[in-house]
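K.L.:
Chains as they are written, first to last, in my numbering: chain A, 213 to 440; chain B, 213 to 440; chain C, 213 to 440; chain D, 213 to 440; chain E, 213 to 440; chain F, 213 to 440.
Input: one structure, supplied below.
Number of protein chains: 6
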Amino acid sequence: MSVVVRNINRVEQSVVDGYGKIGVATVHEAQGRKGLLASYMRPIYRPCHMAGPAVTCEVPPGDNWMIHVAVEMCKPGDVLVVAPTSPCEDGYFGDLLATSLKARGVKGLIIDAGIRDVKDLTEMGFPAWSKAVYAQGTVKETLANVNRPLVCANQLINPGDLIVADDDGVVVVRRGEAKDILEKSVSREEKEAKSRKRYVAGELGLDMYGWRQRLAEKGLKYVEGPED
Amino acid sequence: MSVVVRNINRVEQSVVDGYGKIGVATVHEAQGRKGLLASYMRPIYRPCHMAGPAVTCEVPPGDNWMIHVAVEMCKPGDVLVVAPTSPCEDGYFGDLLATSLKARGVKGLIIDAGIRDVKDLTEMGFPAWSKAVYAQGTVKETLANVNRPLVCANQLINPGDLIVADDDGVVVVRRGEAKDILEKSVSREEKEAKSRKRYVAGELGLDMYGWRQRLAEKGLKYVEGPED
Amino acid sequence: MSVVVRNINRVEQSVVDGYGKIGVATVHEAQGRKGLLASYMRPIYRPCHMAGPAVTCEVPPGDNWMIHVAVEMCKPGDVLVVAPTSPCEDGYFGDLLATSLKARGVKGLIIDAGIRDVKDLTEMGFPAWSKAVYAQGTVKETLANVNRPLVCANQLINPGDLIVADDDGVVVVRRGEAKDILEKSVSREEKEAKSRKRYVAGELGLDMYGWRQRLAEKGLKYVEGPED
Amino acid sequence: MSVVVRNINRVEQSVVDGYGKIGVATVHEAQGRKGLLASYMRPIYRPCHMAGPAVTCEVPPGDNWMIHVAVEMCKPGDVLVVAPTSPCEDGYFGDLLATSLKARGVKGLIIDAGIRDVKDLTEMGFPAWSKAVYAQGTVKETLANVNRPLVCANQLINPGDLIVADDDGVVVVRRGEAKDILEKSVSREEKEAKSRKRYVAGELGLDMYGWRQRLAEKGLKYVEGPED
Amino acid sequence: MSVVVRNINRVEQSVVDGYGKIGVATVHEAQGRKGLLASYMRPIYRPCHMAGPAVTCEVPPGDNWMIHVAVEMCKPGDVLVVAPTSPCEDGYFGDLLATSLKARGVKGLIIDAGIRDVKDLTEMGFPAWSKAVYAQGTVKETLANVNRPLVCANQLINPGDLIVADDDGVVVVRRGEAKDILEKSVSREEKEAKSRKRYVAGELGLDMYGWRQRLAEKGLKYVEGPED
Amino acid sequence: MSVVVRNINRVEQSVVDGYGKIGVATVHEAQGRKGLLASYMRPIYRPCHMAGPAVTCEVPPGDNWMIHVAVEMCKPGDVLVVAPTSPCEDGYFGDLLATSLKARGVKGLIIDAGIRDVKDLTEMGFPAWSKAVYAQGTVKETLANVNRPLVCANQLINPGDLIVADDDGVVVVRRGEAKDILEKSVSREEKEAKSRKRYVAGELGLDMYGWRQRLAEKGLKYVEGPED
């Protein structure tokens, strides 16, 4: 039996707004280096950035019918997350679905499969992260679940979890941790801004973080030249 | 023995012209979801689009001599299709060959191997779809066939078949089917233009195509919330 | 024991300057088709070009501490070359390290692993060639060597060797051969410029290089049509 | 903070015993074609089969310290499931750890990374399914979680869930569903045993399942020969 | 529209019999180094060898219905060749289909996708060459063609063409060329048997084939030691 | 210009003999976790083990002529190491070359490319580690170097260096370090034999190595159950 869950608990909008300028690498560090989707998830155009709660959609291999079902579950600001139940690089998603999602205010797409019409999506400014770009179309025959937890590109994603995506890839933040991680991310960015100024001025990380002694203790040895 | 076929039956120019604005995904759907080259065939720059009859050229691994032979067989509007007889990522093709092909009015290149000088090709506006970008050069020692049927990126391509390529990848249309598929493609695009307007207006695919009943019959169940 | 070599013999600056406009494919040909790093080494933005002596830095899997050590060994004009001791796609390098290297006049990065903050690096104009783009961060726990010979993307690179990188990939030239290869590269480019003019004028490679007879001797046969 | 959970709720032993001769493909079908780990998870020797509750163990890239912690949490009949927090092919596991696990009655190992000493493990009869075989060793520096839910080879695995593995790969069954799926698997095997007899006797699937009419309705057409 | 061709022209049985002990590498050489399927096509057990005419079967992604249709088209001695219309690693084929094919005297399977129940197939002695081993099952919803030419693992295969497969992989021989290639293969094996004796006796290929002069002419230089 | 070096300095035979029962993983640990070839280097049969000095042989893509040249440079006990100058999966090596090498007392082959006739090699007991098994043959046209340092599967290998290979993969030991690493390997094996006995007796690594306190200091926390 396949199920569509109509109402999900989304991460709060005020929290999502805070992620407007936070990059994926910062979020990943702030939450203890976890939550990153596989490195094969690449954006169709660059630069790009988005953040929003996940609407999750399973799809059978070579069958995109459930994406149409999932569209109706999306609200403004959402991010649609699609994962096939078996590995597949078919082009599940193209400009018509993007148009439909954009009309509903959806921010973008994360899909652990193929995507097509990437020229149109680029012109529309509808960002998408995918495993492949492939024109191979799909059928509409088989059911699957919408708004159930799923695994996408090696990460568990629950409906309503926060998705942040940019040029570096895609990260998921648990709904209940999003506020805390936002604070840590902002604080991290402020700290990095200070470090950046010192780096610009020519200071070295070795001195900035006081690592010289620890390196020496671990046994790092400097020699003058190749002949030493 | 290696053979070069001088005269091939090309898809008609008036038909080719009709494909000027038709995307690969549309062609692929219009001909019943077949004919698509492997998803690893990527354009060297984007956006891009071309259509034209195939001149086919086999190459031995690490040897691009036959491409020079194939150049002479090309006419204005042609697309050169190159496939190695054994998997190879070497850079068979660079700016000099591109210059030579451009001087003959060739539209672009499809190569199931590596390509190089991509900065020059981008500046020249000579589009190419390849398996890899790699500066590794080749020798000129061994013969192979020109204008014989070949398999390129998992698709059979006959000389004179129509090639259509864009940001989404590459599709081949049999010469004898190109006119019929063009009509189907145009009709498909018109239909999609209408659908697009309805999507823009916020209509859902579920309603547009009347899928709600069929989904219910297949057993799709909606629940209100995660706790249901 | 891990070692950092302070002084290395760099390829001469006047020689490096000569490579300012020489492409990777030309260098690769000029030195007898050798020295090319694996084709998976791709630039984070295009177009791009750089040349400079290598500072080499090994890193343990998932640990970027030694990159901070290597930064101090870099001088203006250098190229930092990083290779993990075990295959790893983690994002070892981001905008802070790029800022630090840029402040020291380093030209760019070659890394046989992942990189992150690619939007920032693109905006800064700091070129980098990597195996992956991945936000996954690293720790700072374990030592490795700096300015020792290493294997990066299947090529041996010695400290002070010349690195040339562009849209096509990355090539290494031995320090002692760099001057000779520069002359051969320049001479090759001059020769290619002449060929290019002839190609533009419509001349064929078959005639330009007098290959028709050799092809015939090897057994190439021309037939008029598919029915022959 | 890293956590080790001492007590987990394991799938019942009587249920596990029932899976003693049930293959992975049967389980996968019986639970509605879900729960299968990625196809790159291959056994180190064949034939092989095991079933048991999962003890889950996260490991940092290139660091196998936590496996030693996880060993203590294992009870007779358990299956140890290891997943790195970042993709890694290092050889986390060898004959000493296998000896230790075998001494505790552990049935085998599932690891989304590399394994080594496969000759010893084969001789010991300790089955293991891994992403790679690689002698590259690891360090013991960094903490991670034991007996927390994790994603292994693209599937979510909770501590105590049932793991079944054989020559075809690895499947996970939720603890609460294991009894029901066992019944369905057994019933499926009985049904298949009957079908097998009919297949042996030369009967066709087309007739056995009455598909001829449905195929005709969908439009399947038989022609006599290639010239038709 | 999908089509099943009932009668195909098979390579003659007396010719097939001749290939009973000829290896794939020999066939490949004998026909001018062509016809080899991609190197990812691996046998499920070793050693193995088979030869027979191809019955070709397209399958949609994740749907194995047409294999049941193809079974009926198979005669004793045939080899079933299956290729998906879009790349797919699902386990299309298991022990029930193998039982059915074996009952009809089919020699084995070539499938450019996944296979399952490999333990059973190994015990039955039913050889199969596949792209993957994966327990992921398939549905029965969509039509495709049987006994039409198809591309399988980058090679064109016509119904009735000869398939030869062993531990090294899979090769296709055109039906009309099979007799000629058999003679060349046998003659090649006889020649190799003679060479083998000379190799066993310690003779070198350099002397056996008289290559020393040609190597010298091409510029090969021998030096006594590393310091030369 | 291509060069063949006749005399190389081989690691001493008495040292090689010592490695007769030492596994690759042990060697790799003993020399500080370095020297391992890429994980895609797999043996053609298992179990297997060999050790011996390297004779190194470069080959052009798709051309195995130089292997015949290298055969003459091999002495009893040697290991032939072959690497293509550009990535290639062709089957460079088959049963005739194996026969020739075996007649000369060569122990086995390491090749960063394809191999064929693996059934024959298995029957002969000639071990080989390769990147691929592929029947695709090669030509004999182009020169390359023999007994020069080369990069094979991402490791630098000098002529005369020690190669050790088994079921786990392949490791290189510098000639000058082989004696020292042997001692460390033997000592490591003795230590592991003692540990193995304690593991067999049920002792835990945590206690054997006294790690409990260090884990606690790093912050590892044990909780009783999932509800904690």
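Each residue gets a CB set at the ideal place from its N, CA and C atoms; glycine is no exception.
Only a predicted model underlies this, so the values are computations on that prediction, with no experimental measurement involved.
Just to confirm, are residue 267 (chain B) and residue 278 (chain B) a CB contact at a threshold of 8 Å?
P.N.:
Walking along the second sequence from the start, residue 267 (chain B) turns up at place 55. Walking along the second sequence from the start, residue 278 (chain B) turns up at place 66. Not a contact, by the Cβ cut-off of 8 Å.
K.L.:
Give the residues of chain A in contact with residue 225 (chain C), contact being defined as C-beta atoms less than 7 Å apart.
P.N.:
For the purposes of this step, residue 225 (chain C) is taken as residue 13 along the third sequence, with counting starting at 1. Result: empty, since nearest Cβ-Cβ is about 19 Å, beyond 7 Å.
K.L.:
Between residue 366 (chain A) and chain D, is any beta-carbon pair separated by less than 8 Å?
P.N.:
Locating residue 366 (chain A) in the first sequence gives position 154, where the first residue counts as 1. Closer than 8 Å to some Cβ of chain D, the Cβ of residue 366 (chain A) qualifies, so yes.
K.L.:
Got a sec: is the Cβ-Cβ distance from residue 405 (chain A) to anything in chain C below 8 Å?
P.N.:
The residue given as residue 405 (chain A) occupies position 193 in the first sequence. Chain C, which has no Cβ nearer than 8 Å to the Cβ of residue 405 (chain A), makes this no.
K.L.:
Which value, in whole angstroms, describes the spacing of the CA atoms of residue 420 (chain A) and residue 326 (chain D)?
P.N.:
Mapped onto the first sequence, residue 420 (chain A) falls at position 208. Mapped onto the fourth sequence, residue 326 (chain D) falls at position 114. Straight-line Cα distance between these residues: approximately 37 Å.
K.L.:
Would you please verify whether the beta carbon of residue 300 (chain A) is less than 8 Å from any beta carbon of chain E?
P.N.:
For this step, residue 300 (chain A) is matched to residue 88 along the first sequence. Yes - at least one Cβ of chain E is within 8 Å of the one on residue 300 (chain A).
K.L.:
At which residues does the beta strand (DSSP E) containing residue 279 (chain D) begin and terminate?
P.N.:
Here residue 279 (chain D) refers to the residue found at position 67 when the fourth sequence is read from its first residue. Counting along the chain, residue 279 (chain D) falls outside any beta strand (DSSP E), though it belongs to the alpha helix (DSSP H) covering 277 to 285.
K.L.:
Relative to the C-alpha of residue 386 (chain C), which candidate in C:225, C:247 and C:216 has its C-alpha closest?
P.N.:
By 1-based counting over the third sequence, the position of residue 386 (chain C) is 174. The shortest C-alpha separation from residue 386 (chain C) is found at C:247.
K.L.:
Whose Cβ in chain B lies nearer than 7 Å to the Cβ of residue 343 (chain C)?
P.N.:
Locating residue 343 (chain C) in the third sequence gives position 131, counting from the first residue. Here the premise fails: no neighbours, minimum Cβ distance about 14 Å.
K.L.:
Quick one: using the 10 Å Cβ neighbour count with 16 as the cut-off for buried, is residue 275 (chain D) buried or exposed?
P.N.:
Position 63 of the fourth sequence, counted from the first residue, corresponds to residue 275 (chain D). It is buried - the Cβ of residue 275 (chain D) has at least 16 other Cβ atoms within 10 Å.
K.L.:
In whole angstroms, what is the alpha-carbon distance linking residue 418 (chain C) and residue 379 (chain C)?
P.N.:
Position 206 of the third sequence, counting from 1, holds the residue named residue 418 (chain C). Position 167 of the third sequence, counting from 1, holds the residue named residue 379 (chain C). The straight-line gap from Cα to Cα measures roughly 28 Å.
K.L.:
Strictly by DSSP, which residues pair up with residue 433 (chain E)?
P.N.:
Position 221 of the fifth sequence, counted from the first residue, corresponds to residue 433 (chain E). Answer is F:215, bridged to residue 433 (chain E).
K.L.:
Would you say residue 243 (chain F) reaches chain E, if we count a Cβ-Cβ gap shorter than 8 Å as a contact?
P.N.:
On the sixth sequence, position 31 is the one that residue 243 (chain F) refers to. For residue 243 (chain F), the answer is no, since every Cβ of chain E falls outside 8 Å of its Cβ.
K.L.:
Rounded to whole angstroms, what is the Cα-Cα separation between residue 427 (chain F) and residue 434 (chain A)?
P.N.:
Numbered from 1 along the sixth sequence, position 215 holds the residue referred to as residue 427 (chain F). Numbered from 1 along the first sequence, position 222 holds the residue referred to as residue 434 (chain A). Rounded to whole angstroms, residue 427 (chain F) to residue 434 (chain A) spans 31 Å at the Cα level.
K.L.:
Short of 9 Å Cβ to Cβ, which residues in the segment 314 to 334 of chain A face chain B?
P.N.:
The segment 314 to 334 of chain A vs chain B, Cβ under 9 Å: 314, 315, 316, 326, 327, 328, 329, 330, 331, 332 and 334.
K.L.:
Helix, strand or coil for residue 234 (chain D), going by three-state DSSP, please let me know.
P.N.:
By one-based count along the fourth sequence, residue 234 (chain D) stands at place 22. Coil, per DSSP.
K.L.:
Does chain D have any CB closer than 8 Å to the CB of residue 304 (chain E)?
P.N.:
Your numbering for residue 304 (chain E) matches position 92 in the fifth sequence. Cβ-Cβ to chain D under 8 Å: no for residue 304 (chain E).
K.L.:
Can the beta-carbon of residue 262 (chain A) be found less than 8 Å from the beta-carbon of residue 291 (chain A)?
P.N.:
Position 50 of the first sequence holds residue 262 (chain A). Position 79 of the first sequence holds residue 291 (chain A). Yes. Within cutoff.
K.L.:
Return the first residue and the last residue of the beta strand (DSSP E) that residue 251 (chain A) is part of.
P.N.:
Against the first sequence, residue 251 (chain A) aligns to sequence position 39. Taken as a continuous stretch (DSSP letters only), residue 251 (chain A) belongs to no beta strand (DSSP E), as it is neither H nor E.
K.L.:
Against chain D, does residue 353 (chain C) count as a neighbour if the rule is that its beta carbon must be under 8 Å from one of theirs?
P.N.:
Sequence index remark: in the third sequence, residue 353 (chain C) carries index 141 (1-based). Yes - at least one Cβ of chain D is within 8 Å of the one on residue 353 (chain C).
K.L.:
Can you look up residue 352 (chain D) in the DSSP assignment and give me helix, strand or coil?
P.N.:
The count along the fourth sequence starts at 1 and reaches residue 352 (chain D) at position 140. Correct three-state label for residue 352 (chain D): coil.
K.L.:
Closest to residue 384 (chain F) by C-alpha separation, out of F:280, F:347 and F:235, would be which residue?
P.N.:
For this step, residue 384 (chain F) is matched to residue 172 along the sixth sequence. Closest option to residue 384 (chain F), Cα to Cα, is F:235.
K.L.:
Decide if residue 331 (chain A) is buried, meaning its Cβ has at least 16 other Cβ atoms within 10 Å, or exposed.
P.N.:
For the purposes of this step, residue 331 (chain A) is identified with residue 119 of the first sequence, where counting begins at 1. Its Cβ being crowded by 16 or more others within 10 Å, residue 331 (chain A) is buried.
K.L.:
Any beta carbon from chain A within less than 8 Å of residue 425 (chain E)'s own beta carbon?
P.N.:
In the fifth sequence, residue 425 (chain E) corresponds to position 213, counting from 1. Closer than 8 Å: no.
K.L.:
Any chance you could list the alpha helix (DSSP H) runs of at least 4 consecutive residues sitting entirely within the segment 327 to 392 of chain A, in chain order?
P.N.:
If we require 4 residues or more, the alpha helix (DSSP H) runs fully inside the segment 327 to 392 of chain A come out as 330 to 336.
K.L.:
Sort D:239, D:347, D:219 and D:391 by Cα distance to residue 329 (chain E) and report the nearest one.
P.N.:
Along the fifth sequence, read from residue 1 onward, the residue named residue 329 (chain E) stands at position 117. Selected option, being the one with the closest Cα: D:239.
K.L.:
Would you mind telling me which residues of chain D sit closer than 8 Å to residue 430 (chain A), beta carbon to beta carbon, in chain order?
P.N.:
Your numbering for residue 430 (chain A) matches position 218 in the first sequence. Those do not exist, as residue 430 (chain A) stays about 11 Å from chain D at its closest Cβ, beyond 8 Å.
K.L.:
Using a C-beta to C-beta distance shorter than 9 Å, which residues of chain A count as neighbours of residue 422 (chain B)?
P.N.:
Here residue 422 (chain B) refers to the residue found at position 210 of the second sequence. Simply none; closest approach about 12 Å.
K.L.:
For residue 197 (chain D), which of F:423, F:283, F:348 and F:270 has the nearest alpha-carbon?
P.N.:
The first residue shown for chain D is 213 and the last is 440, placing residue 197 (chain D) beyond what the model contains.
K.L.:
Can you round the beta-carbon distance between residue 356 (chain F) and residue 270 (chain F) to whole angstroms, since I take them to be within the 8 Å contact cut?
P.N.:
Within the sixth sequence, the letter at position 144 stands for residue 356 (chain F). Within the sixth sequence, the letter at position 58 stands for residue 270 (chain F). The Cβ separation is near 4 Å, so the contact holds.
K.L.:
On a CA-only basis, which of D:264, D:256 and D:298 is nearest residue 306 (chain D)? Give me that one, please.
P.N.:
Numbered from 1 along the fourth sequence, position 94 holds the residue referred to as residue 306 (chain D). Checked all of D:264, D:256 and D:298; the closest Cα to residue 306 (chain D) is D:256.
K.L.:
Residue 309 (chain A) to residue 280 (chain A), Cα distance in whole Å?
P.N.:
Against the first sequence, residue 309 (chain A) aligns to sequence position 97. Against the first sequence, residue 280 (chain A) aligns to sequence position 68. Going from the Cα of residue 309 (chain A) to the Cα of residue 280 (chain A) covers about 8 Å.
K.L.:
Quick one: what does DSSP say residue 297 (chain E) is sitting in, helix, strand or coil?
P.N.:
Stepping through the fifth sequence from its first residue, residue 297 (chain E) is reached at position 85. Correct three-state label for residue 297 (chain E): coil.
K.L.:
What is the DSSP secondary structure of residue 414 (chain E), counted as helix, strand or coil?
P.N.:
Translated into the one-based positions of the fifth sequence, residue 414 (chain E) becomes position 202. Coil.
K.L.:
Check whether chain F comes within 8 Å of residue 218 (chain D), counting only Cβ atoms and requiring the distance to be less than that.
P.N.:
Start at 1 with the first residue of the fourth sequence, and residue 218 (chain D) comes out as number 6. Yes - at least one Cβ of chain F is within 8 Å of the one on residue 218 (chain D).
K.L.:
Just the C-alpha distance for residue 260 (chain D) and residue 253 (chain D), rounded to the nearest angstrom, thanks.
P.N.:
The sequence position of residue 260 (chain D) within the fourth sequence is 48, counting from 1. The sequence position of residue 253 (chain D) within the fourth sequence is 41, counting from 1. Spanning the two alpha carbons is a distance of roughly 13 Å.
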